[in-house]
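Engineer:
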Amino acid sequence: MVGLVCIVLGLLVAVSIWVEGIDSMHKNYPDYKGEDLFNEKEEVYPIHKFNNGRGAMLCNNCRTIISTGPKTEELYCEKCRGERIVQAYYEQMEKEVHFNRENLNK
Ligand SMILES: [Zn+2]
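Sequential numbering of the sequence shown, starting at 66, is according to the working numbering.
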C-alpha cells in the first residue's frame, strides 16, 4: 500500500513538472518546433578563426581549414560540399519515389 502511494505521488510530481515544462516552452519559445533535436533544419554560418594572427575559414562539417586570410562566405571544404550535394540528391530521389509511387511503372 505504501509502495502504491509512493508510485502515485512520484507520477504526480513527474507529470506536473512535465506539464510545467511544456507550458513554459509554449510561453517563452512559441515558434520552437524541436527541429534542432533531429538536425532537420540546421543553420550554418561561415566559421572564421584567428589562426596565429592570420584568419582562417573552417569547414562546417569536418573543421579543416578551407582558406587562410580574410573572412569569406564559404561554409564547407570541397570534399564536404561534394558529399552534401550527393546526399541532397539521394534525399530528393527518396522523396520522389515515396510521394510519386504510382509514377514508377509508367
Ligand atoms: Zn569539410
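From the three backbone atoms N, C-alpha and C, an ideal C-beta is built for every residue, glycine too.
1) Tell me the residue span of the alpha helix (DSSP H) that contains residue 74.
2) Given 8 Å as the limit, is there contact between the stretch 135-148 and the stretch 114-124, that is, 3 or more CB pairs closer than that?
3) What three-state label does DSSP hand residue 136 in the structure shown?
4) I need the straight-line Cα distance from residue 73 to residue 84, nearest angstrom please.
5) May I have all residues whose beta carbon comes closer than 5 Å to any heavy atom of ligand 1, sorted in chain order?
6) Across which residues does DSSP place residue 119 in a beta bridge pair?
7) Does the distance from the CB of residue 139 to the CB of residue 111 come in under 8 Å?
8) At what residues does the alpha helix (DSSP H) containing residue 20 begin and finish?
Structural biologist: Short version:
1) Walking along the sequence shown from the start, residue 74 turns up at place 9. Taken as a continuous stretch (DSSP letters only), the alpha helix (DSSP H) holding residue 74 covers 67-93.
2) In short, these stretches touch, since the Cβ pair count reaches three.
3) As a working note, residue 136 is residue 71 in the sequence shown. Annotated three-state conformation of residue 136 is coil, per DSSP.
4) For the purposes of this step, residue 73 is identified with residue 8 of the sequence shown, where counting begins at 1. For the purposes of this step, residue 84 is identified with residue 19 of the sequence shown, where counting begins at 1. Put simply, the backbone Cα of residue 73 is about 16 Å away from that of residue 84.
5) Cβ-based neighbours of ligand 1 within the cut-off: 124, 126, 127, 142 and 145.
6) Start at 1 with the first residue of the sequence shown, and residue 119 comes out as number 54. Beta-bridge analysis with DSSP links residue 119 to 116.
7) Sequence index remark: in the sequence shown, residue 139 carries index 74 (1-based). Sequence index remark: in the sequence shown, residue 111 carries index 46 (1-based). Taking 8 Å as the cut-off, the beta carbon of residue 139 is found closer than this to the beta carbon of residue 111.
8) A query on residue 20 cannot be resolved here, the shown segment of the chain reaching from 66 to 171 and no further.
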